[in-house]
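Numbering (this note's numbering), first residue to last: 292 to 912.
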């Protein structure tokens, strides 16, 4: 990597010496907001969705996954009550085909199949969430076949401020959070501490079976600290530590047990150190980041059998951008990713490293026409090397924007998939990476003085060498068994009815098929729709309501051998909430989830909560 850094620096010095162009006003892609957002003009992403802190506070969300329910193309699979596993998938891809980044730190767990579990990710200190669907391996590498979700925490700004929030509700739910943030030039800081607990309660699935909820608790502390060492050199660090404890009860026992069958404890440490250097009047930007994610998981059952696993994900990434002029930008970079899984129970440890180089160029050859193209090379220690590429274009004509992109992607198998770590795993050293080809085309159009925004996107995704688990005796082995084809249409409508009322509609049609199994993928809905209405009766008050509809899906019933295919019923959820600013620094809020107490499940046998009522207060100094 040292030779690569020297090459990038040589290009930068040449730019500084040969051009007198002044600092360009180049910004990131405009935000796609709920209320009449500006049009997306990033040629690499056909459709994107951004959720800002203001929107999160308006709806008083608790977990990050709740912010995705109304976004087209996003599928959410929840395995029961809070604290249980929650996976997100995009555009018909599998859950481990979505890369999750927190302040640029990859969170996908190398243990298991490499998917990220949203079940423990709360929303206290989050500033913005960006959903970028489609193959994004060009810049982000492995696991970005279906897309990328970028999460950014709050950084200190303006005067010092202290915040606190408390809420409580049924199911013995309580949440307390405290935060401090500010900017005292040149230092900016944000510190957040939270504690959450929810009780078990009895749940019902759509088939009226008894399901026991789970006691769950979480404690978390995080800090983001940064500042300018010089006017052109910024250094920043993020650190968070969380501890969770989940008491898992039998999902089908009747009568329900008094004591939990299993206990799951997780400790996670996330940290990074980031350096950003801007030279030549902001025309040459360099970023160097070192990050680590360490996850310790312990499972204890009634027989006192313990299974403990440590997973590490370390990454060193360098990225540099050259702004030749305001229409001509080149980005080059490289990274070294090391994933390691260690089973403390079976005294096994395996690691997989990946070295990568990438580059892309964006240019505006004609007014309102933006082109983007790039390529990436990855060398993985356990599987074959990869070459991926992507091209895209954006053209704006009056108030209509046309976008299209075509790209390839890949996902290297996780350490657990390759080496089969654990009592039920069998190694497969010949396992190949999953590879994808994706195409999408979309149009965005605004009407009536930007009061109405309509967006429609068609997507097509093919994934080769799909990895799945094959049962051999009482154990499982990961194998390349399938080809998945997924295509569909995402559509959304944002309508500002009046100065105080906003209306939003979203719909996703997905048609997918796994070639060998010759069936629609499990837990994936053909139709998903949402309607949201928000009302500001005054500057102090806010009321919102939303309806989420999910079509029928199929799933496996693992209580039989072999597992049989079952149908999950469609469902519609109605949510309602509001907040009121009592005083300058004091706000009260309330939220009702699943207002009509609908019985449903997203995983067979794992019921969801019925009517949930939450209320609380928020204080800002």
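Glycine residues also receive a C-beta, built at the ideal position from the N, C-alpha and C atoms.
Nonlocal neighbours in the same chain, by C-beta distance under 7 Å from residue i, ignoring five residues either side
i           : result
residue 326 : In this predicted model, residue 326 has a pLDDT of only 37, less than 50, meaning its place in the structure is not dependable enough to derive any value.
residue 478 : 518
residue 848 : 854, 855, 857 and 895
residue 313 : With a pLDDT of 42 at residue 313, under the threshold of 50, the modelled position of this residue cannot be trusted; read the value that follows with caution. The answer, listed in chain order, is 572.
residue 747 : 733, 734, 780 and 782
residue 360 : 367, 821 and 839
residue 807 : 772 and 773
In DSSP terms, what residue i is bridged to
i           : result
residue 767 : 716 and 762
residue 453 : 471
residue 620 : 614 and 653
residue 260 : This structure cannot speak to residue 260, because the chain is shown only from 292 to 912.
residue 529 : 515 and 563
residue 396 : 393
residue 907 : 458 and 880
residue 506 : 538
residue 897 : 894
residue 444 : 417
residue 727 : 700 and 754
residue 367 : 379
residue 480 : 473 and 516
residue 605 : 583 and 629
residue 556 : 536 and 589
residue 569 : 576
residue 708 : In DSSP, residue 708 forms no bridge with anything.
residue 432 : Looking at the DSSP assignment, residue 432 forms no beta bridge with any residue, so it has no partner.
residue 521 : 524
residue 746 : 735 and 783
residue 385 : Looking at the DSSP assignment, residue 385 forms no beta bridge with any residue, so it has no partner.
residue 424 : 438
residue 354 : 413
Cβ neighbours of residue i in the same chain (closer than 6 Å, five flanking residues each side left out)
i           : result
residue 529 : 394, 515 and 563
residue 600 : 402, 588 and 634
residue 798 : 782 and 820
residue 464 : 489
residue 619 : 654
residue 640 : 633
residue 559 : 533 and 586
residue 579 : 566 and 609
residue 373 : 489 and 507
residue 737 : 690 and 744
residue 935 : In the structure as shown, the chain begins at 292 and stops at 912. Residue 935 is therefore absent and cannot be evaluated.
residue 683 : 334, 335, 663 and 696
Selection from the options that minimises the alpha carbon distance to residue i
i           : options               : result
residue 488 : 467, 508, 470 and 469 : 508
residue 862 : 833, 892, 366 and 882 : 892
residue 607 : 581, 775 and 649      : 581
residue 720 : 356, 373 and 704      : 704
residue 468 : 483, 462 and 459      : 483
residue 414 : 904, 750, 899 and 342 : 342
residue 512 : 505, 534, 491 and 506 : 534
residue 750 : 369, 382 and 344      : 382
residue 623 : 431, 372, 364 and 899 : 431
residue 829 : 910, 765 and 873      : 873
residue 461 : 911, 360 and 885      : 885
residue 673 : 706, 556 and 485      : 706
residue 777 : 411, 652, 731 and 669 : 731
residue 652 : 658, 411, 665 and 844 : 665
residue 900 : 555, 391 and 371      : 371
residue 913 : 827, 826 and 757      : Since the displayed the chain opens at 292 and closes at 912, residue 913 lies outside it and no answer follows.
residue 614 : 875, 576 and 553      : 576
residue 755 : 800, 700, 762 and 766 : 700
Heavy atom of the ligand MN within 6 Å of residue i beta-carbon
i           : result
residue 701 : The model on display carries no ligand, and the ligand MN is accordingly not part of it.
Cβ shell of residue i (< 8 Å), same chain only, five flanking positions each side left out
i           : result
residue 344 : 417, 418, 419 and 445
residue 352 : 358 and 414
*asked:* Could you check whether the region 561-573 touches the region 513-528, counting it as contact only if at least three pairs of C-beta atoms, one from each stretch, sit closer than 8 Å?
replied: Touching, yes, given that three or more Cβ pairs across the two stretches are closer than 8 Å.
*Which residue spans inside the region 767-815 form an unbroken beta strand (DSSP E) run of at least 3?*
DSSP runs (the beta strand (DSSP E)) wholly in the region 767-815: 792-805.
*In the region 627-699, which residue ranges form an unbroken alpha helix (DSSP H) of at least 4 residues, counting only runs that do not cross its ends?*
DSSP runs (the alpha helix (DSSP H)) wholly in the region 627-699: none.
*What alpha helix (DSSP H) runs, 4 residues minimum, are completely inside the region 809-885?*
Here no run is fully enclosed.
*State whether the region 717-733 contacts the region 764-783, with contact taken as three or more CB pairs (one from each stretch) at a distance under 8 Å.*
Output reads yes: the region 764-783 touches the region 717-733.
*So does the region 734-744 actually touch the region 464-480, counting three or more Cβ pairs closer than 8 Å?*
In short, these stretches do not touch, since the Cβ pair count stays below three.
_Under 8 Å: do the region 380-398 and the region 449-458 share three or more Cβ pairs, one atom per stretch?_
With a cut-off of 8 Å, the region 449-458 and the region 380-398 do not count as touching, because too few Cβ pairs lie within range.
*Kindly confirm or deny that the region 799-819 and the region 863-883 touch, where touching means at least three C-beta pairs closer than 8 Å.*
The region 799-819 vs the region 863-883: no contact.
*Three or more C-beta pairs closer than 8 Å, one from the region 896-907 and one from the region 873-887: is that the case here?*
Touching, yes.
*Spell out a yes or no on whether the region 422-439 and the region 684-701 are touching, meaning 3 or more CB-CB pairs, one atom from each, closer than 8 Å.*
Taking one beta carbon from each stretch, the region 422-439 and the region 684-701 have 3 or more pairs nearer than 8 Å; the two touch.
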